[in-house]
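Q:
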Amino acid sequence: MSFKRVRWEQGSVYAIPLKDGSFGVCQAIDLMMPNVVYIAVFSYRFKELPETIPPLSRNDVLSLGATWKQELNNGTWASLGKREPVVLKSDFPNEEFAEDGYIGAVTSDAGLFSNFLAACFGLTPWNTMFDPEYWDEYLNSGNSRPSSVKILSEEARNKYRSEELGIKST
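Residue numbering for the sequence shown is 170 to 339, as defined by our numbering.
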């Protein structure tokens, strides 16, 4: 699925396509580095592409992360318009690495944020990555797992990873 290409701006709001055809929401906050943008990912889910920007609340931020600027510009996510940013650049965990040129900072591509939201909304199991607690690292500090998260038993996890992801258990 591809959407109209729109250059990102501070405060741009995007609809993130999910595997079931629904959409999550994020907002571009500020540049971390020349080609990396901080985004706030929200707990909102829409069955259809929103026609307008939903009300954005700092209290509904699931994750504060960083992604590649090109992914915001290339139509991977649907641009919904622009609003005043709900968080500050200084709120992002990667800012602890700013003094050292962001060595040690973490960035993720659009696909990982889409997969994170799919796990948050229970569309895919939470614990299927190599590290079963991988998605916990994406949660905003102080946030617990959403109530819709599905956790697989070790046996079911290994089966899912084998059948759905093509990964053999060790």
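C-beta atoms are modelled at their ideal positions from N, C-alpha and C, and glycine is treated no differently. As the structure is a prediction and not an experimental result, all values here were calculated from the model.
1. Only counting runs of 4 or more residues, tell me where the alpha helix (DSSP H) segments fall wholly within the segment 250-303, in order along the chain.
2. Relative to the alpha-carbon of residue 197, which residue among 172, 261, 173 has its alpha-carbon at the smallest distance?
3. For residue 226, name the three-state secondary structure that DSSP assigns.
4. Do residue 210 and residue 237 come within 8 Å of each other at the CB atom, strictly closer than that value?
5. Where does residue 275 land, buried or exposed, given buried means 16+ other C-beta within 10 angstroms?
6. Taking residue 175 as the reference, give the member of 224, 194, 244, 305 with the closest Cα.
7. Do residue 299 and residue 185 have their C-beta atoms closer together than 8 Å?
A: Answer, in terms of the structure:
1. 279-289
2. To locate residue 197, count along the sequence shown from 1; it is residue 28. Checked all of 172, 261, 173; the closest Cα to residue 197 is 261.
3. Against the sequence shown, residue 226 aligns to sequence position 57. Looking at residue 226 - three-state DSSP - the assignment turns out to be coil, as it is neither helix nor strand.
4. For the purposes of this step, residue 237 is taken as residue 68 along the sequence shown, with counting starting at 1. For the purposes of this step, residue 210 is taken as residue 41 along the sequence shown, with counting starting at 1. In this structure, residue 210 does not lie closer than 8 Å to residue 237 by Cβ.
5. One-based indexing of the sequence shown puts residue 275 at position 106. Residue 275 comes out exposed.
6. For the purposes of this step, residue 175 is taken as the residue at position 6 of the sequence shown. It is 244 whose Cα lies nearest to the Cα of residue 175.
7. For the purposes of this step, residue 299 is identified with residue 130 of the sequence shown, where counting begins at 1. For the purposes of this step, residue 185 is identified with residue 16 of the sequence shown, where counting begins at 1. No, the pair does not count as a contact, with Cβ atoms beyond the cut-off.
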